[in-house]
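Inspection log for the structure reproduced underneath, given as structure tokens.
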Amino acid sequence: MPAIDEFASIQPKTTTGRKRKAVAPVSAPRELGQEEIYERIYTAILEHRLHPGTKLAEERLAEIFGASRGRIREVLARLAHEQIVELIPQKGAYVAKPSIQQALDVFEARRLIEPAVMRRLVETLTEEKLARLRQHQKLEIDARRREDKRAVIRLSGEFHSLAAELAGNSALARSMRELSVLTCLMIFLYDAPTATCCRTDEHSRIIDAIAERNHQQAERLMLEHLDHIQKNMKLDSAEEQDDLEEIFRN
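So that you can map any letter, position 57 of the sequence shown is 57 in this note's numbering, and since no number is skipped, the others follow by simple counting.
Here's what the structure looks like:
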């Protein structure tokens with residue numbers, strides 16, 4: 001018996017009064033939107049799946065996401081505007097590698113912004129906002145219990161972004177989102193131990209202070225938390241460009 005090609009068209013039986021059932025065409029794969037591509041790259045950086053200095057080739061990303069190079073270019077430009085990605089002429093896009101001075105600048109900015117976030121959040125606190133903070137903390141605790149390091153890193157950074165979002169100031173929220181992912185890059189780059197860098201008990205104490213509507217306590221705890229994160233980074237021993245004058249002076 002001859003072989004039958006399963007993809008060959010099969011003629012239906014002609015039966016009086018019976019109509020042939022229409023077959024829906026196979027839909028083409030959905031092209032991801034700019035926002036979805038942005039979030040996936042952003043999250044990969046936040047979770048340390050994309051390391052500082054990794055090249056983000058337009059053509060390869062276009063293949064992975066099934067999108068045009070133009071759309072990828074727009075996403076990379078947005079990430080570059082947020083200083084998460086560095087665009088180098090004639091070379092391409094790379095995940096940012098914050099310098100020691102940039103790391104210090106980030107912490108200086110966070111020390112100015114996050115106390116303001118705490119004050120505004122306490123002033124505008126509702127039961128719904130507090131519930132979102134508590135729920136986020138449960139997710140972080142669960143990730144630590146499961147020893148899911150990627151989730152711990154992402155959720156720890158997102159805690160600060162969420163607090164800024166709930167505070168209700170879009171400019172503060174946008175700034176904190178950028179500063180949080182830059183801090184995650186710095187944690188990887190400067191060898192800070194994730195488990196002790198952003199401890200879950202510190203977040204819990206901050207949330208408790210917010211729940212008590214004690215903005216002074218929340219501000220103090222947040223500043224102590226930032227000091228703790230920075231002190232766990234090996235900024236003093238990180239590699240910097242050698243001073244040639246100093247080397248050849250003697």
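Glycine is no exception: its CB is placed at the ideal position from the N, C-alpha and C atoms. Here the structure is a predicted model, which means the values were calculated and not measured.
CB residue 72 to CB residue 181, shorter than 9 Å?
No. Outside cutoff.
Would you identify the three-state DSSP class for residue 38, choosing helix, strand or coil?
In the three-state reduction of the DSSP assignment, residue 38 falls in the helix class.
Just how far apart, CA to CA, sit residue 132 and residue 217?
If you take the alpha carbons of residue 132 and residue 217, they lie about 20 Å apart.
Go through its chain and collect everything with a Cβ distance to residue 75's Cβ below 7 Å, but skip five positions before and after it.
So the list reads 34, 37, 38, 41, once near-sequence residues are dropped.
Proximity to residue 82 [Cα-Cα], best of 123, 177, 164
Of all alpha-carbon atoms in 123, 177, 164, the one lying nearest the alpha-carbon of residue 82 is that of 177.
How should residue 98 be labelled, buried or exposed, when 16 other C-beta atoms within 10 angstroms of its C-beta is the threshold for buried?
By the 10 Å Cβ count, residue 98 comes out buried.
Suppose contacts are defined by Cβ-Cβ distances below 9 Å. Is residue 47 in contact with residue 150 by that definition?
In this structure, residue 47 lies near residue 150, with their beta-carbon atoms less than 9 Å apart.
Would residue 179 and residue 109 qualify as a contact pair, given that the criterion is a beta-carbon distance under 9 Å?
Their beta carbons are under 9 Å apart, which means residue 179 touches residue 109 by this criterion.
Please name the residue, chosen from 80, 144, 212, 59, that lies closest to residue 70 on a Cα-to-Cα basis.
The option with the nearest alpha carbon to residue 70 is 59.
Please name the residue, chosen from 118, 232, 235, 173, that lies closest to residue 209 on a Cα-to-Cα basis.
The candidate whose alpha carbon is nearest that of residue 209 is 118.
Taking the alpha carbon of residue 138 as the point to measure from, which residue in 207, 100, 165 has its own alpha carbon closest?
When only C-alpha atoms are compared, the closest one is 207.
Tell me which residues share the same chain as residue 22 and place their Cβ nearer than 6 Å to its Cβ, disregarding the 5 neighbours each side in the sequence.
No answer about residue 22 holds up, because its pLDDT of 48 lies below 50 and its placement is not dependable.
Out of 67, 57, 93, 107, state which residue places its alpha-carbon closest to the alpha-carbon of residue 184.
It is 107 whose Cα lies nearest to the Cα of residue 184.
By Cβ distance below 8 Å, which residues in the same chain neighbour residue 251 in space, the five residues on each side in sequence not counted?
The structure shown has nothing for residue 251, since the chain only spans 1 to 250.
Rounded to a whole number of angstroms, what is the C-alpha to C-alpha distance between residue 120 and residue 90?
Each residue's alpha carbon lies about 44 Å from the other.
So if DSSP puts residue 87 in a beta bridge, which residue, or which two residues, is it bridged to?
Partner(s): 93.
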